[in-house]
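Here the structure comes first, spelled out in structure tokens, and everything after it is commentary.
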Amino acid sequence: MSKKELPNKDYQNFCAGDIVQEKWIFTYHEGIRMMGVIVAVVEKFYEFFYPNDPLYVVQDKIRVFWFSHGFVEELSGDMVNIISRANHTNEKI
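Residue numbers for the sequence shown follow the numbering used here, so the first one is 8 and each next one is one higher.
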């Protein structure tokens, strides 16, 4: 696992159309990470711990259409890495 894939407490904003890849830690299908497109987002759906707790984390609930398997899966945003954003802003990934 690279440093880029270590758990990140910072909120990551997703939007429909973003291209994502599942993180290695969640890969179980033949050791190949799936890639897909986000089709729906519920912002800040998951809250872990309490707001004043140093471990407090907020995550989006996303629905991803996986290209290789042809199905839609609903999961927490911390389970994927963004490969390409749908909106062309100048922010870094």
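Where a beta carbon is used, it is the ideal one built from N, C-alpha and C, also for glycine.
With respect to the C-alpha of S83, the residue from F74, K51, S91 and K68 having the closest C-alpha is K68. Beyond the five residues adjoining it in sequence on each side, V46 comes within less than 8 angstroms, by CB distance, of A23, R70, V71, F72 and V79 in the same chain, given in chain order. In the DSSP secondary-structure assignment, A47 is bridged to R70. Membership of L82 in the beta strand (DSSP E) is indicated by the continuous run F78 to S83. The Cβ atoms of Y57 and V65 do not sit closer than 8 angstroms to each other.
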